[in-house]
Each structure stands twice: as C-alpha cells, then as structure tokens.
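Positions in the sequence shown are counted from 1; adding 1 to them yields my numbering. Here a beta-carbon is modelled for each residue, glycine too, at the ideal position from N, C-alpha and C. Note that this is a predicted model, so its numbers are computed, not measured.
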Amino acid sequence: KRTRNLIHLGVFVLIILLVGLLIYLNLNFFNTTIRSYVEKFGYLGIFLFSFIADALVQPIGPEAPALIGVLFKLNFVGIIISTLLGSYLASLMIFYLGKTYLQSKFKFINKKRNYELFEKYGKWGLALAAISPVPWVVFCWLSGAYRLKLKQFIFYGLIPRTIRIIVIVGIAWYAGIFI
Numbered sequence: 002k003r004t005r006n007l008i009h010l011g012v013f014v015l016i017i018l019l020v021g022l023l024i025y026l027n028l029n030f031f032n033t034t035i036r037s038y039v040e041k042f043g044y045l046g047i048f049l050f051s052f053i054a055d056a057l058v059q060p061i062g063p064e065a066p067a068l069i070g071v072l073f074k075l076n077f078v079g080i081i082i083s084t085l086l087g088s089y090l091a092s093l094m095i096f097y098l099g100k101t102y103l104q105s106k107f108k109f110i111n112k113k114r115n116y117e118l119f120e121k122y123g124k125w126g127l128a129l130a131a132i133s134p135v136p137w138v139v140f141c142w143l144s145g146a147y148r149l150k151l152k153q154f155i156f157y158g159l160i161p162r163t164i165r166i167i168v169i170v171g172i173a174w175y176a177g178i179f180i
C-alpha cells in the first residue's frame, strides 16, 4: 500500500512538472495566446487565464493577463475583479483538492513531524508564496493536505495574494508601465 501511494505521488508530481515544463518551454506561445484572448474576450479572458495561472504550477502569474488588460486600457476595477475571481476560484479549488485527494492518498502527509512543521511554519510559507515568486499552487495543495482551516487559508494566503495583485496592477496602471 505504501509503495502504491508513493507511485501515485510520483505520477502526480511528474504530471504537474511536465505541464509546467511544457508551458515554460512554450512561454512565447502562451504569452501571445493570453494577449489575443484578453484582446478578444476582455474581462472573461483575464478571468480564465488568471484561473489557469493559479491552477497550474508554471511561471506565469495571474498578473500577466491583468497587465495585458492594462495594456488594452480596460477598466482598472474590472481588471482587478476579473483577476481576483479567477485567482480565488483556482486557489480554493487546489486547496480543496489537497484537502480531499492529497491528504487521503499520501501517507507521508500524515506523519506527526510533518504536521508539526506545517503547523509551525506552513502559514508563513503560504503568506510568502502569496506575495513572492515561490510556487503558490504547491502551498495551496499543502495547505489543504495539512488541513489548514479555510479562515487561515484566506488570511495567510488569499489576502496577501490580493494585495500583491492590486499593487502590481496598480503600479502598472498608474505609472503607465505596459508590457
């Protein structure tokens, strides 16, 4: 049973890494695609690509489609709302996938020492991931897997993430910095 769980974990991690690598190797294609979808669909395009950006481990954050919205001079509030809704929905989905799938399938998560480490440092790691280039999605999974309370996930993860997105898009909007 332990071997099977490790195989599941390995396959899961491998798939995520392969998707991230595929996106990284085709970054220009994805940036061009995001740009064309935001130009064509506006706020819906920003929402969809913000969702995808926060649902997958890859180097494009939800700010990229938001900044393209700034480039096309879309309404600032509309850009922020579209970006945050996509980001929140993806983050909560990954959090619940971690809570239901990772916690129940992978026994290494259940080790007492791992729980203690996450209890002590996990919230701050989540906050750091929310405002930095550290992979956000990984911390969403771990937060769910280690049974972080939803209120704590919102306080330590989504609120700092909101601040990051508003600051980055706000600087671009008010300073006139475009992609």
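Any chain C beta carbon closer than 8 angstroms to residue i
{"i": "Ile-35", "result": "As a matter of chain content, chain C is missing from the structure shown, which is built from one protein chain."}
Cβ-Cβ separation, residue j to residue i (assumed contact under 8 angstroms), whole Å
{"i": "Phe-50", "j": "Pro-66", "result": "4 angstroms"}
{"i": "Tyr-116", "j": "Tyr-147", "result": "6 angstroms"}
{"i": "Pro-136", "j": "Val-14", "result": "Contact doesn't hold; Cβ gap of about 12 angstroms is too wide."}
Closest residue to residue i among the options (Cα-Cα distance)
{"i": "Val-199", "options": "Gln-104, Lys-41, Ala-56", "result": "The displayed coordinates of the chain run from 2 to 180. Any statement about residue 199 would go beyond what the structure contains."}
{"i": "Asn-32", "options": "Ile-16, Gly-62, Val-12", "result": "Gly-62"}
{"i": "Ile-167", "options": "Asn-27, Arg-36, Ile-16, Leu-86", "result": "Leu-86"}
{"i": "Phe-52", "options": "Val-138, Asn-29, Lys-150", "result": "Val-138"}
{"i": "Ala-130", "options": "Thr-163, Gly-177, Ile-16", "result": "Thr-163"}
{"i": "Ile-160", "options": "Leu-28, Arg-36, Ser-88", "result": "Ser-88"}
Contacting residues, own chain, Cβ-Cβ under 6 angstroms from residue i (five flanking each side not counted)
{"i": "Cys-141", "result": "Ser-92, Ile-95, Phe-96"}
{"i": "Ile-172", "result": "none"}
{"i": "Leu-18", "result": "none"}
Other residues of its chain near residue i: CB distance less than 7 angstroms, five sequence neighbours each side excluded
{"i": "Gly-46", "result": "Tyr-38, Val-39, Pro-66"}
{"i": "Gly-99", "result": "Cys-141, Trp-142, Leu-143, Ser-144, Gly-145, Ala-146"}
{"i": "Tyr-25", "result": "Gln-59, Pro-60"}
Same chain only: Cβ atoms within 8 angstroms of residue i, ignoring 5 sequence neighbours per side
{"i": "Tyr-44", "result": "Gly-70, Leu-75, Gly-79, Ile-80, Ile-82, Ser-83"}
{"i": "Trp-125", "result": "Tyr-157"}
Near the ligand NAP: residue i beta-carbon under 7 angstroms from a heavy atom
{"i": "Val-58", "result": "As far as ligands go, the structure on display features none, and thus does not contain the ligand NAP."}
On the three-pair Cβ rule with 8 angstroms, is the stretch 152-162 touching the stretch 81-94? Cβ pair count under 8 angstroms is three or more, so yes.
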